[in-house]
DNA sequence: AAAATTTTTGCGGAAATCTCGCACCGAATG
DNA sequence: CATTCGGTGCGAGATTTCCGCAAAAATTTT
């Protein structure tokens with residue numbers, strides 16, 4: 001894809017905040033016509049700069065009131081497990097985010113559950129495996145962004 | 001807000017994946033008319049079940065190729081700093097996520113930067129404060145979701 | 001620096017999508 | 001059993017997006 005100019009950057013900035021802005025709303029904010037804005041946004045989507053658009057559902061209303069961050073350390077002799085783990089995590093609805101990282105730990109997971117009981121069950125089911133050496137749970141008190 | 005039935009749940013599930021589905025696309029998938037789907041979605045938005053809609057911009061294309069997770073530990077004698085920290089983090093464009101957590105650490109940050117140099121500058125600027133006791137940087141090799 | 005080429009713009013109409021009133025259906029209530 | 005209440009599908013009207021066109025702007029060539 002060609003270079004992104006200041007208009008594109010402004011559009012991305014706006015759409016990252018609210019992807020439901022209409023063509024004319026974008027036009028007001030970036031100083032182009034509605035059609036030009038929509039054309040550019042369409043292009044940003046086609047070229048993959050905008051990967052997708054998602055609705056953010058309130059975890060509270062949805063019933064998932066509890067968030068936990070888990071630092072996971074695996075046995076060093078099982079590097080083959082990494083890919084399998086990632087795929088497994090991808091399928092678990094409790095796992096909302098999963099990062100493979102360098103350093104003392106191997107994975108950082110963000111888990112969303114309704115309560116401690118559900119979390120406890122999740123831990124028993126997922127983390128009590130021989131190739132998992134250690135896990136550290138950090139309960140989230142509050143979040144930004 | 002009243003209870004969410006299976007149709008609402010299905011709609012939320014779909015829109016969390018792709019919020020640009022049209023009324024009739026939703027209709028096909030949930031088995032209601034287009035109008036009924038849109039009415040329900042509108043209600044989910046008004047009542048705050050759907051908090052907002054956002055475009056997900058590819059960090060790569062956008063130029064932010066590097067992601068780091070930081071575990072931050074503060075001096076125990078400065079609890080008043082927590083709110084100030086959160087507000088400060090909220091304003092930093094590099095900080096894409098910030099969680100206040102229990103346990104050995106106090107904050108978990110997700111940082112997005114173009115390269116190591118920018119990250120290094122960020123660390124110098126932000127983490128070298130007297131009330132910050134320790135920070136641990138985990139470079140992200142790959143992510144899911 | 002002028003000409004030629006390419007890209008992007010704004011306009012305007014067509015197409016798609018969303019919104020809303022209306023009549024109707026089914027469950028809950030008295 | 002009638003009534004109310006919440007929700008449905010339909011369809012007209014409003015809004016939004018899409019797309020072709022000619023002109024303007026930017027880029028490249030000569």
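Protein chains in written order, with UniProt numbering: chain E, 1 to 145; chain Y, 1 to 145. Positions of the beta carbon are idealized from the N, C-alpha and C atoms, including for glycine. None of the values given here were measured: they were computed from a predicted structure.
| Check | Outcome |
| --- | --- |
| Residues in the stretch 24 to 44 of chain Y with C-beta within 7 Å of chain E's C-beta atoms, listed in sequence order? | none |
| DSSP on residue 121 of chain Y, reduced to helix/strand/coil? | helix |
| Mind checking whether residue 14 of chain E and residue 26 of chain E have CB atoms under 8 Å apart? | yes |
| Ignore the nearest five residues each way along the sequence and tell me which others in residue 105 of chain Y's own chain have a CB closer than 7 Å to its CB. | 71, 72, 73 |
| What number of angstroms, rounded off, separates the C-alpha of residue 95 of chain Y from the C-alpha of residue 139 of chain Y? | 14 Å |
| Do residue 108 of chain E and residue 64 of chain E come within 8 Å of each other at the CB atom, strictly closer than that value? | no |
| Tell me which same chain residues have a C-beta within less than 7 Å of the C-beta of residue 54 of chain E, skipping the five on either side of it? | none |
| What does the alpha-carbon distance come out to for the pair residue 145 of chain E and residue 57 of chain Y? | 15 Å |
| Which residues does DSSP pair with residue 53 of chain Y in a beta bridge? | E/55 |
| Are the C-beta atoms of residue 112 of chain Y and some chain E residue less than 8 Å apart? | no |
| Could you tell me the distance, in whole angstroms, from the CA atom of residue 86 of chain Y to the CA atom of residue 33 of chain Y? | 44 Å |
| Are the beta-carbon atoms of residue 135 of chain E and residue 66 of chain E separated by less than 8 Å? | no |
| Where does residue 116 of chain Y sit, in a helix, a strand or coil, going by DSSP? | helix |
| Can you look up residue 33 of chain Y in the DSSP assignment and give me helix, strand or coil? | coil |
| Taking just the CA atoms, how far does residue 36 of chain E sit from residue 69 of chain E? | 42 Å |
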